[in-house]
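Engineer: Protein chains in written order, with numbering that gives the first Met the number 0: chain Z, 0 to 477; chain D, 0 to 259.
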Amino acid sequence: MTVRIRRDVYALPSGDQTLDFYRRAIDILRQRPLSDPTSWWWIGAVHGQPGFTPPPGSAGFWDRCQHQTWYFLPWHRGYLAAMEATVAKVIRDDLGGPDDWALPYWNYSESQAVNPDARNLPPAFRNPNMADGTPNALFAPRSADAAGDVGLREADVQLGALTEPEFTPASGFNPGFGGPRTGFSHFGSASGALEQVPHNVVHVRIDGWMIDPNTAAFDPIFWLHHCNIDRLWEEWRTADPSHTNPADPAWRTDLSFRLHDADGQPFSFTCADMEDTTQVMGGYRYDTLPAPAATMAGDITPGEPEMADLGLIPELAGASDGPVELSGARTRTPVAMQTEGLGRSFTESALPSPIKVYLRLEEVTGTGVPADFDIMVDLEGDDQPPMAVGILTTFGVANASDPSADHGGAGLTQVYDITEAAERLNLTTETAPQVQVTFDRVEQRAVTEAAFPEIEGLTMPTRSEPTIRVGRIAIYFE
Amino acid sequence: MSVQAAAGTTVPAIRPEAMSNPGLVWPLSLGALGWLVLALGAQRAEPLALCLGLDLPSMGRFRTNFDAMLFYADPLAISVEWMAMVAGMMLPLAAVGFGRLVMRAHRLQRACLLVAALLGYVAIWALLGPVVILAIFAVRAWAATAPETIWPNLAPFALAILWTLSPLRRRLLIAAHRVPLLFGPPHTQSWDAVGYGLTLGRRCALVCLPIMAAPMISGLGVIAMLLTTHVLLAERLTHEPRAKPIRLALILLAGLTVIP
């Protein structure tokens, strides 16, 4: 069976028309009315919508993106494939293009030694206008400068997620590679490793429509970004035989999602339908990856969604005295350790310790435009520099803070494996009564102001100063 | 490893490893104890006054019927039955919240916080008990004034079904998912846990009471209460919470009340 090939946008050969067709197809899709399930606007609203008046038939189709959940990757795979099929149909039927058009991906994690431009926005997306002065449909308001630099740093696009051994660990707080076991999750709870970095960080760094889940999918770069995330899922899965998707029916078949196909007809899919990319809407694969093998589901004990994080109990070893407001460029706060009485400790086990130590930022809520923060830990008064342990990324924080949403406004929860830092700082001994946690705000570039296609209800996210509040900073042993 | 609820809703089973969490184990154990008490009570010569109703002849007038029910009801037995119903029906629904609370607590404080939260939760239901019991007797007394009409039995089901359609109920259900963050010294955390129990109890009562009251008023028995608990639990444990199975169960139970 011939499947379409998704290629690296930076490796497209000279004269290749993939992006040209994409741009012209977007022009056509934007002409379609909001009420048309194959319009650019409807497709974007499926991810999240900024305040459109919902047309008849949109209930159950709009505002459906899955985040902070083990459905994040399969839902976006289905979403991406449906959108790709719609664009491909326009390219074939309206533009006389090829039958096998496929979305390219933006591999921003590529080594800069191989591609110095890797972290920069692909050139076709940078300019508001084409050479002939007509509007460029691939352009959108973003933080990119003329060279396409959106401020991505190496830490923002690192692929530590690929070293996660499990898609969703059977118990505990670590959300694993693919995200925590949940029910339907339009926002809330903890992001999986891949969703956290690079997915969330890239969204925030690009800014503009991309910074808000309710406008993100209107930006054409969204689809190349998610194509890359989808490719990284395949890369993780094929890298090691032990990297398997959940075998749990709760993930594979119990929950189905609905979208519209290229003809505007509704269809539904489950995660199991998304496991083999060669079977997804005509089939596709990535240029640099081997053809997918048959389903490689793992063997995870069937579980249930609401009690997902109620397995073996991690042990609380320290917590902040109260909520922490992240204001200004730097916020530094102590977290008191209380290791006395714990059932597990480093001192009782040989190093390297089998015990994991997690920093858990609980109930991160906020308003305004999301911001990212570098997180560091250290001991007060020691002469060592603070150790970086991760990035707090607040993509989707406003949705997760909405009290009328499914999680009741409980906000985001982010989990960081700080085992290495904990061992170096000796956090489990009485000589470390408290640890200092520092949040350094990552400077965000200004968004390029430009005209963008007008449709009632679609506006740029308000440029208000973010107010981010971490409900509790906790340290757990597991 | 799953059970099928009404309308084909799959309710996945609890993972074995979750049973190491006392926040789950204690409420579920108390719930099982509650059902055991009800099952044993159903075998007694004296019927369960709440689940089955008192088998009294109609005296014609509302006040006479109501007074008769109060006269024949054994306060101790009816109190035990009420608390057994609360344990059996409500504690399994609240167990997830208690489990999350425990996971947020230091190992040395888990038991204390769990007891505090359970006390707060049960206190709400204990306070509600007399009000609900009197309301049930009142509706039954009204029904007894005109035994030939079916409306007094159907009205509570109609109200319960309408309540499942209410956006307010959904908002309350969502709000019930919130679990407090714990700060400060142990005694402060204990009071926070009591507060959580009170809040959760209040929200659970608002979300569930109209639904659990309908089969109680009709005196359909322990099996009907078990079915009601099952669909309420299914609503919380399914991947996308939907109240449709609850409505189907209520319609089924309402149908049973009109069968001669």
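Quick reminder that beta carbons are idealized off the backbone N, C-alpha and C, glycines included.
The model shown is predicted, which means the values in this text are computed figures rather than measured ones.
Are the segment 77-90 of chain D and the segment 159-170 of chain D touching by the rule of at least three beta carbon pairs closer than 8 Å?
Structural biologist: As far as the Cβ criterion goes, the segment 77-90 of chain D does not touch the segment 159-170 of chain D, which means the pair count is below three.
Engineer: Is residue 215(D) helix, strand or coil when you go by DSSP?
Structural biologist: Note: residue 215(D) maps to helix in three-state DSSP.
Engineer: What is the DSSP secondary structure of residue 391(Z), reduced to helix, strand or coil?
Structural biologist: Residue state, collapsed to three classes: strand.
Engineer: Drop a sphere of 10 angstroms on the beta-carbon of residue 348(Z), count the other beta-carbons inside from all chains shown, and report buried for 16 or more, exposed for fewer.
Structural biologist: Legend: pLDDT at residue 348(Z) = 47, less than 50; position of this residue unreliable, no value from coordinates given.
Engineer: Taking C-alpha atoms, which residue in 272(Z), 54(Z), 24(Z) lies nearest to residue 88(Z)?
Structural biologist: Cα-wise, what sits closest to residue 88(Z) is 24(Z).
Engineer: Tell me, please, which residues DSSP counts as bridged to residue 469(Z).
Structural biologist: According to DSSP, which records beta bridges pairwise, residue 469(Z) is partnered with 323(Z), 363(Z).
Engineer: What are the residues of the segment 199-231 of chain D that lie near chain Z, defined by any Cβ-Cβ distance shorter than 9 Å?
Structural biologist: So the list is empty, because no residue satisfies the distance condition.
Engineer: Classify residue 147(D): buried if its beta carbon has 16 or more other beta carbons within 10 angstroms, exposed otherwise.
Structural biologist: Exposed: under 16 other Cβ atoms inside 10 Å.
Engineer: Cutting at 6 Å between CB atoms, please list the residues of its own chain near residue 482(Z), excluding the five before and the five after it.
Structural biologist: Residue 482(Z) lies beyond the residue range present for chain Z, which begins at 0 and ends at 477; the question has no answer from this structure.
Engineer: With a threshold of 8 Å between beta-carbons, can residue 66(Z) be considered close to chain D, or not?
Structural biologist: Answer no: the Cβ-Cβ gap between residue 66(Z) and chain D never drops below 8 Å.
Engineer: Within its chain, find whatever has a CB closer than 7 Å to the CB of residue 54(Z); leave out the 5 residues flanking it on each side and keep chain order.
Structural biologist: Cβ neighbours of residue 54(Z) beyond the five flanking positions: 33, 34.
Engineer: To the nearest angstrom, report how far apart residue 123(D) and residue 193(D) are at their CA atoms.
Structural biologist: Rounded to whole angstroms, residue 123(D) to residue 193(D) spans 11 Å at the Cα level.
Engineer: Span of the alpha helix (DSSP H) holding residue 30(Z)?
Structural biologist: Run containing residue 30(Z): 17-30, per the alpha helix (DSSP H) assignment.
Engineer: Just grab the DSSP bridge partners of residue 377(Z) for me.
Structural biologist: Answer is 435(Z).
Engineer: Report the rounded CA-to-CA distance for residue 217(Z) versus residue 76(Z), giving the unit in angstroms.
Structural biologist: Each residue's Cα considered, the two are about 17 Å apart.
Engineer: If I measure Cβ to Cβ from residue 30(D) and keep anything under 6 Å in the same chain, skipping five residues before and after, which residues do I get?
Structural biologist: Cβ neighbours of residue 30(D) beyond the five flanking positions: 86, 87, 90, 91.
Engineer: Who are the Cβ neighbours of residue 478(Z) in its own chain at under 6 Å, not counting the five residues just before and after it?
Structural biologist: Outside the shown range of chain Z, which is 0 to 477, sits residue 478(Z), and nothing can be said about it.
Engineer: Return the Cβ separation of residue 196(D) and residue 118(D) in integer angstroms, given the expectation that the two are a contact with Cβ distance under 8 Å.
Structural biologist: Rounded, the Cβ-Cβ distance is 6 Å, consistent with contact.
Engineer: I'd like to know if the segment 3-11 of chain Z and the segment 96-114 of chain Z are in contact, where contact means that at least 3 CB-CB pairs between them fall below 8 Å.
Structural biologist: Enough Cβ pairs lie closer than 8 Å, so yes.
Engineer: Buried or exposed: where does residue 71(D) fall if 16 or more other Cβ atoms within 10 Å of its Cβ makes it buried?
Structural biologist: It is exposed - the Cβ of residue 71(D) has fewer than 16 other Cβ atoms within 10 Å.
Engineer: Less than 8 Å between the C-beta atoms of residue 174(D) and residue 202(D), yes or no?
Structural biologist: For residue 174(D) and residue 202(D), yes; Cβs fall inside 8 Å.
Engineer: Could you confirm whether any beta carbon from chain Z is found closer than 8 Å to the beta carbon of residue 102(D)?
Structural biologist: Chain Z contact via Cβ: present.
Engineer: Under three-state DSSP, which class holds residue 156(Z)?
Structural biologist: DSSP places residue 156(Z) in coil when its eight states are reduced to three.
Engineer: Could you check what DSSP says for residue 413(Z) in three-state terms: helix, strand or coil?
Structural biologist: The answer is strand: DSSP assigns residue 413(Z) an E or B state.
Engineer: Of all the alpha helix (DSSP H) runs that stay within the bounds of the segment 198-273 of chain Z, which reach a length of 4 or more residues?
Structural biologist: Here the runs fully enclosed are 200-205, 220-238, 248-251.
Engineer: Determine the burial state of residue 186(D): buried for a count of at least 16 other Cβ atoms within 10 Å of its Cβ, exposed for fewer.
Structural biologist: Flag for residue 186(D) reads exposed.
Engineer: In whole angstroms, what is the alpha-carbon distance linking residue 336(Z) and residue 423(Z)?
Structural biologist: Their Cα atoms are separated by approximately 15 Å.
Engineer: Please classify residue 306(Z): does DSSP put it in a helix, a strand, or coil?
Structural biologist: Residue confidence for residue 306(Z) is low, a pLDDT of 40 falling below 50, so the modelled location carries little weight and cannot support an answer.
Engineer: What do you reckon, are the CB atoms on residue 253(D) and residue 226(D) nearer than 8 Å?
Structural biologist: Going by C-beta atoms, residue 253(D) is not nearer than 8 Å to residue 226(D).
Engineer: For residue 39(D), report the span of its alpha helix (DSSP H) as first-last.
Structural biologist: 21-42 is the span of the alpha helix (DSSP H), which, as asked, contains residue 39(D).
Engineer: Taking 8 Å as the limit between beta carbons, can you name the residues of its chain near residue 207(D), skipping five residues before and five after?
Structural biologist: Excluding sequence neighbours, residue 207(D) sits near 88, 89, 92, 231.
Engineer: Can you tell me the Cβ-Cβ gap for residue 228(Z) and residue 198(Z), rounded? I've got them flagged as a contact below 8 Å.
Structural biologist: 5 Å between Cβ atoms; contact.
Engineer: Secondary structure at residue 194(Z), three-state DSSP: helix, strand or coil?
Structural biologist: Helix.
Engineer: Alpha carbon to alpha carbon, how far is residue 458(Z) from residue 208(Z)?
Structural biologist: Distance between the alpha carbons of residue 458(Z) and residue 208(Z): 9 Å.
Engineer: From 398(Z), 250(Z), 313(Z), pick the residue whose C-alpha is nearest to that of residue 359(Z); which is it?
Structural biologist: Of the candidates 398(Z), 250(Z), 313(Z), the one whose C-alpha sits nearest the C-alpha of residue 359(Z) is 313(Z).
Engineer: Does the distance from the CB of residue 471(Z) to the CB of residue 362(Z) come in under 8 Å?
Structural biologist: Result yes, Cβ atoms of residue 471(Z) and residue 362(Z) sit closer than 8 Å.
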